[in-house]
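Following: one structure in C-alpha cells, then a few remarks.
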Amino acid sequence: MGYSQVSIIDGDSTRMEQVSDGHGKWWFVLKLDLIPDGDYVILYNRDTTKPRFKCSVKNHDFIGGYEAYFLNGQLEARRHYNKYGKIEGKWQSWYENGQLYTDATYADDKANGDYSIWYENGGQRQICKYAHGKLDSTCILWNESGGLQSISHYRNTIKIDDYEFCDNSVLRIVKYLNDSLCSITEFYYNPTKRRKRLTATMDGCQVRLGQKIKEIRYYKGKQPTGEWFSFDENGRLNRTEQHQ
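What the sequence shown shows, in the numbering used here, is residues 2 to 245, in sequence order.
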C-alpha cells in the first residue's frame, strides 16, 4: 500500500476511542467520521516516527488493508476491508509480546468459519465456529493452565448445552430448550483425574467420561420444575424433590 499522507496524532486524541472486543481486551480505534479520505500512516505522537495505524479511508469507511501497532513496533492487528468498507478474509491480532491473540475469517463484516483465541502465554483459550456471524457449532474453552473449561453447542446462535469441567473432569451439564434453561446435571468431582489437556469423547450431545452423577434438576426458563434427583457417591438415589 502506498500512503499519500502522514497524519500525526497524540495518544489522547479526540479522533480515537476505546472499544471492547468482547473477550476482555480493549482497543483504540479511529473515529472515522473525523478522518478525511486518504491513505494514512498515523503516528503515536509528535515525538516519534513509530506508526500506530496504517490504513486507507474513503467516505468514512476503511478500505483495503488495515494495520495497528503497539508502541514497541509489534503488530497489534491486521485485517482487510472490501470496497464497501466491510471486513473480508483473515482478521488477526496479537499481544504486545508477539503472541497471536485471535485468528478469524470474515465475510461481509461477519465472522465466518473458525474463530480461535489464545492466552498471552501461548496456550489455546477458545475455538469456535461461525456461519455468517452466527455461532453454529461446538465452542471449546480452556483455562490459562491448559485445562478444559467448557464445551458448548450452538445451533444458529442458540445455545443447546454447556459441559463445564474442573481438572478436566466434567462437573456439570446444562441443557437448554428454545434458548431457555431446561435442566442441570451435576457430577461428583474427581481430583485424581488430572491431565494437561483432555479431548472429550463426544457422542451426540453427551460426554462419556465415566463420572458419577450427583444431582439432576429441571427448569422451565429459570423456574424449578418437575422432579429433582440426588444420588450418593455409589450412584444410589438418596433423595427426590418435587417442583410445580
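Glycine residues also receive a C-beta, built at the ideal position from the N, C-alpha and C atoms.
Small disclaimer: the values here were computed from a predicted structure and weren't measured.
Q | Classification of Arg126 by the beta-carbon crowding that lies within 10 angstroms, buried from 16 upward | A | In the sequence shown, residue 126 corresponds to position 125, counting from 1. Arg126 should be labelled buried.
Q) Alpha carbon to alpha carbon, what distance is there between Thr186 and Asp233? A) Residue mapping note: residue 233 aligns to position 232 of the sequence shown, counting from 1. Residue mapping note: residue 186 aligns to position 185 of the sequence shown, counting from 1. One C-alpha to the other measures close to 14 Å.
(Q) Let me confirm a value: Asp162 is counted as buried when at least 16 other C-beta atoms fall within 10 Å, else exposed. Which label applies? (A) Sequence index remark: in the sequence shown, residue 162 carries index 161 (1-based). The residue is buried, with at least 16 neighbouring Cβ atoms inside 10 Å.
Q: Enumerate, from N- to C-terminal direction, the unbroken alpha helix (DSSP H) stretches of 4 or more residues contained entirely within the region 73-113.
A: none
Q) Can the beta-carbon of Thr103 be found less than 9 Å from the beta-carbon of Asp40? A) Within the sequence shown, the letter at position 102 stands for residue 103. Within the sequence shown, the letter at position 39 stands for residue 40. Not in contact: Thr103 and Asp40 (Cβ atoms no closer than 9 Å).
Q) Can you tell me where the beta strand (DSSP E) with Asp163 in it begins and where it stops? A) Residue 163 sits at position 162 when you count from the first residue of the sequence shown. Residues 159-167.
Q.
Taking the beta strand (DSSP E) that Pro52 belongs to, which residues open and close that run?
A. Taking the sequence shown and counting its residues from 1, one reaches residue 52 at position 51. It spans 52-59 - the beta strand (DSSP E) in which Pro52 sits, taken as one unbroken run.
Q. So, Arg79 versus Ser94, is the Cβ gap smaller than 9 Å?
A. Walking along the sequence shown from the start, residue 79 turns up at place 78. Walking along the sequence shown from the start, residue 94 turns up at place 93. Cβ atoms of Arg79 and Ser94: closer than 9 Å.
Q) For Cys140, which residues of its own chain have a beta-carbon under 6 Å away from its beta-carbon, when the five flanking residues on both sides are left out? A) By one-based count along the sequence shown, residue 140 stands at place 139. Excluding sequence neighbours, Cys140 sits near Cys129, Ser153.
Q) What is the DSSP secondary structure of Asp62, counted as helix, strand or coil? A) Indexing the sequence shown from 1 puts residue 62 at position 61. Note: Asp62 maps to strand in three-state DSSP.
**Q.** Pairwise C-alpha distance: Arg237 and Trp229
**A.** Indexing the sequence shown from 1 puts residue 229 at position 228. Indexing the sequence shown from 1 puts residue 237 at position 236. Whole-angstrom Cα-Cα distance: 14 Å.
**Q.** Rounded separation between Lys111 and Ile36 - CA only
**A.** Your numbering for residue 111 matches position 110 in the sequence shown. Your numbering for residue 36 matches position 35 in the sequence shown. Each residue's alpha carbon lies about 24 Å from the other.
Q) Span of the beta strand (DSSP E) holding Arg218? A) Walking along the sequence shown from the start, residue 218 turns up at place 217. Taken as a continuous stretch (DSSP letters only), the beta strand (DSSP E) holding Arg218 covers 214-221.
Q. Closest by CA to Tyr306, which one among Leu72, Lys59, Leu101?
A. A question about residue 306 goes unanswered here, because the residues of the chain that appear run from 2 up to 245.
**Q.** Lys32 versus Ile159 - alpha carbon distance
**A.** Here residue 32 refers to the residue found at position 31 when the sequence shown is read from its first residue. Here residue 159 refers to the residue found at position 158 when the sequence shown is read from its first residue. Approximately 33 Å between the Cα atoms of the pair.
Q: Closer than 7 Å by C-beta to Gly227: which residues in its own chain qualify, once you throw out the five before and the five after it? Chain order, please.
A: To locate residue 227, count along the sequence shown from 1; it is residue 226. Correct list, in chain order: Tyr219, His244.
Q | Where Asp34 falls: helix, strand or coil (DSSP) | A | By 1-based counting over the sequence shown, the position of residue 34 is 33. Reduced to three states, the DSSP call for Asp34 is helix.
Q: Have a look at Phe63 and Ser184 and give me their C-alpha separation to the nearest angstrom.
A: As a working note, residue 63 is residue 62 in the sequence shown. As a working note, residue 184 is residue 183 in the sequence shown. Rounded to whole angstroms, Phe63 to Ser184 spans 46 Å at the Cα level.
**Q.** When Asn169, Ala132, Lys135 are compared against Ser146, the one with the closest alpha-carbon
**A.** The residue given as residue 146 occupies position 145 in the sequence shown. Of the listed residues, the one whose Cα sits closest to Ser146 is Asn169.
Q. How many angstroms separate the CA atom of Thr200 from the CA atom of Glu97?
A. Counted from its first residue, the sequence shown places residue 200 at position 199. Counted from its first residue, the sequence shown places residue 97 at position 96. Residue placement at Thr200 is flagged as unreliable, the pLDDT there being 42, under the threshold of 50; the coordinate-derived value follows with that caveat. Cα-Cα distance, rounded: 30 Å.
Q. From Ile88 to Arg240, what does the alpha carbon distance come to, in whole angstroms?
A. As a working note, residue 88 is residue 87 in the sequence shown. As a working note, residue 240 is residue 239 in the sequence shown. The alpha-carbon atoms of Ile88 and Arg240 are separated by roughly 55 Å.
Q | CA nearest to the CA of Asp48, picked from Asp38, Tyr67, Leu72 | A | As a position in the sequence shown, residue 48 is number 47, starting the count at 1. Here the closest residue by C-alpha is Leu72.
Q.
Can you look up Ser138 in the DSSP assignment and give me helix, strand or coil?
A. Within the sequence shown, numbered from 1, the residue matching residue 138 stands at position 137. Looking at Ser138 - three-state DSSP - the assignment turns out to be coil, as it is neither helix nor strand.
Q) Looking at the structure shown, is Tyr190 part of a helix, part of a strand, or coil, going by DSSP? A) If you number the sequence shown from 1, residue 190 lands on position 189. Residue state, collapsed to three classes: coil.
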